[in-house]
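Read through the structure below, which is laid out as structure tokens, and then see the notes.
Chains as they are written, first to last, in full-length UniProt numbering: chain P, 1 to 548; chain E, 1 to 131.
Right under this line is the structure:
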């Protein structure tokens with residue numbers, strides 16, 4: 001194998017390792033998903049959805065309105081039905097998110113509701129103005145100058161309302177949340193009630209009685225637009241401004257390797273807080289690397305394997321558990337057994353822990369030396385890698401525009417240049433990635449792409465190496481290496497209730513979970529003390545010595 | 001050697017008479033003083049009570065007049081030729097010691113070992129304080 005060129009050797013090895021790694025993960029995840037089936041009491045799913053423009057100001061509201069009706073009854077059903085599938089099916093569903101039927105239904109329903117509400121809102125003032133001209137044009141008083149001035153004001157206010165609604169609501173959704181977005185639903189209901197009440201008044205007092213005072217009608221339409229602008233202000237305050245001020249500090253811990261971050265959040269509902277945490281997770285947390293956890297798992301396995309319990313007698317009468325426990329106790333404690341069944345469980349576990357403590361004497365030693373050895377190996381490989389990359393980079397020179405015409409030589413584009421210098425560093429890089437157990441995160445193609453990117457941007461070798469020396473945030477890697485795409489929010493409190501001090505919820509994905517605990521930022525009591533600027537006075541403290 | 005300001009104090013003193021030595025144009029005594037009411041008493045290494053602003057002997061030239069007369073480092077000077085030195089500024093103390101017209105200075109100095117010696121010799125008898 002070593003006589004082959006390093007280029008092909010790398011691809012061969014990486015292909016193998018990647019395939020085997022995925023295999024192992026998938027089989028492991030299959031076991032995991034089966035064991036999770038029974039534990040879905042109040043779990044709902046958050047799926048990171050692709051971008052999609054919203055029409056009208058009630059798009060998401062409408063979607064959640066429908067969700068409110070069947071969220072209560074069918075959440076449990078969808079929960080169990082999803083979890084009863086195998087892991088491959090779940091992965092496939094995640095990949096086909098755009099075409100999946102259930103979510104599309106919700107989204108289209110939302111969209112139609114939003115369009116309807118939007119049209120209603122925008123066309124109402126115009127209808128108020130136009131209908132008198134259509135229904136009783138003869139009786140209508142002519143519109144004076146003040147009235148026509150009001151037309152301009154209606155037009156511009158409608159334009160401002162249109163822009164404001166576009167700014168606030170016409171944004172691609174970042175996620176689909178499991179339950180109703182309470183504030184948006186409330187706002188939709190408020191707008192609907194408002195517009196309906198205006199129409200009622202209009203219908204009864206103006207249409208029925210065929211009022212001739214056109215200026216009054218125009219003023220009525222203007223008041224409707226004003227009130228809609230105020231409702232929009234309310235929407236801004238409720239949806240955007242209220243949660244900007246930090247009120248809670250959440251501590252997010254990854255369950256597998258303990259990486260912890262703290263974030264400041266405002267007053268949000270639990271589902272929105274979960275969304276904020278997940279967005280920050282992708283940017284801040286280092287990518288989840290299951291290979292790094294193998295060592296501690298093997299140590300744990302060794303602890304359990306170290307205590308083997310043997311049956312001294314072959315056959316058991318009825319209640320084999322008690323007899324077995326008695327035999328275990330007798331074996332471990334070396335005493336003729338007493339059959340006190342009540343204290344047996346406690347004493348049995350204590351006996352096992354005591355026995356285990358004796359076995360553990362040498363394993364901490366092993367751990368220490370193993371870690372020291374690993375550290376040394378990593379540093380040695382890193383040194384070799386840095387030298388190799390620096391040397392490789394010296395072979396490449398970024399040519400300026402003018403020089404390109406002068407020196408005819410072998411001019412390459414970044415991709416070719418990367419391919420030219422890559423083989424000299426490929427082997428050391430591969431060895432380093434293997435030692436730090438990152439080799440499955442980087443494919444050869446991605447490394448070459450990154451190299452071409454660094455070369456074309458005039459980056460130093462250290463800048464090129466930065467993304468390999470330390471595990472970066474999850475977003476840095478390609479999507480299939482994330483191991484974190486489908487999230488489930490598990491919480492004891494209802495997910496639309498607000499964050500509270502001491503609340504805990506868990507965001508679970510296939511391989512690991514994020515445990516989030518909430519703490520309130522304390523109420524700060526600040527008092528003042530006034531210092532007169534003239535009160536700063538100083539004395540000189542000397543101790544001089546004079547010889548006489 | 002601790003005292004309460006405003007109250008009379010007692011101390012066991014030693015009388016030391018130093019003959020000034022003529023060196024060129026100057027009359028020197030051969031020691032250095034530190035302290036004074038305008039100085040920082042906390043930096044005085046010789047005083048027991050760090051709020052004592054008296055004049056202390058900080059250095060003695062070996063084989064100088066003061067050394068010959070028996071002055072020791074760390075002594076607190078209580079009187080110079082009858083003038084009180086417990087409540088003077090540093091410069092006043094220097095002037096009192098370096099008067100060109102005087103050839104001899106008679107000092108009253110006190111140190112801790114004097115008190116201890118008196119206590120031991122008197123067998124721990126209570127020393128009466130003047131009222």
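Using N, Cα and C, we set each Cβ at its ideal position, and we do this for glycine too.
Being a predicted model, the structure only gives us computed values, none of them experimental.
Next item on the list: On a CA-only basis, which of E:121, E:63 and E:92 is nearest residue 19 (chain E)? Give me that one, please.
Entry: E:63
Next item on the list: Quick one: list the residues of chain P neighbouring residue 44 (chain E), beta-carbon separation under 8 Å, in chain order.
Entry: 543
Margin query: How far does the alpha helix (DSSP H) with residue 145 (chain P) in it extend, from its first residue to its last?
Written below: From DSSP, the alpha helix (DSSP H) with residue 145 (chain P) extends over 145-169.
Check: Where does residue 464 (chain P) land, buried or exposed, given buried means 16+ other C-beta within 10 angstroms?
Finding: Classification for residue 464 (chain P): buried.
Notebook entry, point to check: Who are the neighbours of residue 29 (chain E) on chain P, taking C-beta pairs under 7 Å?
Noted result: 548
Next item on the list: Using DSSP bridges, identify the partner residues of residue 286 (chain P).
Entry: According to DSSP, residue 286 (chain P) bridges with P:473.
Check: Could one say the Cβ of residue 54 (chain E) lies closer than 9 Å to chain P's Cβ atoms, at least one of them?
Finding: no
Check: Among P:512, P:199 and P:492, which one has its Cα closest to the Cα of residue 288 (chain P)?
Finding: With respect to the C-alpha of residue 288 (chain P), the residue from P:512, P:199 and P:492 having the closest C-alpha is P:512.
Notebook entry, point to check: Which one or two residues does DSSP pair with residue 57 (chain E) in a beta bridge?
Noted result: For residue 57 (chain E), which the question treats as bridged, DSSP gives the partners E:33.
Check: DSSP on residue 17 (chain E), reduced to helix/strand/coil?
Finding: strand
Checklist line | Status (buried if at least 16 other CB within 10 Å, exposed otherwise) for residue 8 (chain E) | finding: A residue is called buried when at least 16 other Cβ atoms come within 10 angstroms of its Cβ; residue 8 (chain E) does not meet this threshold and is exposed.
Next item on the list: Go ahead and label residue 540 (chain P) buried or exposed: buried means 16 or more other beta carbons lie within 10 angstroms of its beta carbon, across all protein chains shown.
Entry: exposed
Next item on the list: Report the residue ranges of all alpha helix (DSSP H) runs contained in full by the region 208-286 of chain P; include only those spanning at least 4 residues, in chain order.
Entry: 214-236 and 270-284
Item checked: Assumed close pair residue 442 (chain P), residue 468 (chain P) - CB separation to whole angstroms, cut-off 8 Å -> 7 Å
Next item on the list: Alpha carbon to alpha carbon, how far is residue 122 (chain P) from residue 437 (chain P)? Give it in angstroms, no decimals.
Entry: 59 Å
Next item on the list: Can you have a look at residue 167 (chain P) and say buried or exposed, based on whether 16 or more other CB atoms are within 10 angstroms of its CB?
Entry: With fewer than 16 other beta carbons inside 10 angstroms of its own, residue 167 (chain P) counts as exposed.
Check: DSSP three-state call for residue 79 (chain E): helix, strand or coil?
Finding: It is a strand residue.
Notebook entry, point to check: So the beta strand (DSSP E) residue 505 (chain P) belongs to, where does it begin and stop?
Noted result: 504-508
Notebook entry, point to check: Since residue 500 (chain P) and residue 515 (chain P) are thought to touch, with beta carbons under 8 Å apart, how far apart are those beta carbons, to the nearest angstrom?
Noted result: Their Cβ separation, rounded to whole angstroms, is 16 Å, which puts residue 500 (chain P) and residue 515 (chain P) out of contact at 8 Å.
Notebook entry, point to check: Opposite residue 545 (chain P) in the DSSP bridges: which residues?
Noted result: Note: residue 545 (chain P) sits in a beta bridge opposite E:34.
Next item on the list: Write down the C-beta distance between residue 282 (chain P) and residue 471 (chain P) rounded to the nearest angstrom, noting that I regard them as a contact closer than 8 Å.
Entry: Actually they are not in contact, since the Cβ atoms of residue 282 (chain P) and residue 471 (chain P) sit about 14 Å apart, beyond 8 Å.
Note to self: Does the CB of residue 141 (chain E) have a neighbour CB from chain P at under 9 Å?
What the structure shows: Because chain E is modelled from 1 through 131, residue 141 (chain E) falls outside the range shown and cannot be assessed.
Note to self: Does the contact criterion of 3 or more C-beta pairs under 8 Å hold for the region 123-137 of chain P versus the region 197-214 of chain P?
What the structure shows: yes
Margin query: Can you list, in chain order, the residues of its chain with a C-beta nearer than 7 Å to that of residue 392 (chain P)? Leave out the 5 residues immediately preceding and following it.
Written below: Close CB contacts of residue 392 (chain P) within its chain, under the 7 Å cut and outside five residues either way in sequence, are with 421, 424 and 425 (chain order).
Note to self: From the DSSP secondary-structure annotation, give me the bridge partner or partners of residue 23 (chain E).
What the structure shows: E:26
Item checked: Extent of the continuous alpha helix (DSSP H) to which residue 424 (chain P) belongs -> Counting along the chain, the alpha helix (DSSP H) containing residue 424 (chain P) begins and ends at 414-435.
Check: Can you tell me whether DSSP reads residue 199 (chain P) as helix, strand or coil?
Finding: helix
Checklist line | Alpha-carbon spacing of residue 486 (chain P) relative to residue 510 (chain P), whole angstroms | finding: 7 Å
Notebook entry, point to check: Which whole-angstrom value is the C-beta distance of residue 271 (chain P) and residue 495 (chain P), which I expect to be below 8 Å?
Noted result: 4 Å
Notebook entry, point to check: In whole angstroms, what is the alpha-carbon distance linking residue 232 (chain P) and residue 261 (chain P)?
Noted result: 35 Å
Check: Whose Cβ in chain P lies nearer than 9 Å to the Cβ of residue 34 (chain E)?
Finding: 543, 544, 545 and 546
Next item on the list: Pull up the CB-CB distance for residue 229 (chain P) and residue 160 (chain P), whole angstroms please, since I reckon it's below 8 Å.
Entry: 7 Å
Notebook entry, point to check: Which residue comes first and which comes last in the alpha helix (DSSP H) that contains residue 381 (chain P)?
Noted result: 363-394
Margin query: For chain P, check one thing: does any of its Cβ atoms lie closer than 9 Å to the Cβ of residue 116 (chain E)?
Written below: no
Notebook entry, point to check: Rounded C-beta distance between residue 274 (chain P) and residue 505 (chain P)? I'm assuming under 8 Å.
Noted result: About 7 Å; that satisfies the 8 Å criterion.
Notebook entry, point to check: What does residue 195 (chain E) reach in chain P if we use C-beta pairs closer than 7 Å?
Noted result: The first residue shown for chain E is 1 and the last is 131, placing residue 195 (chain E) beyond what the model contains.
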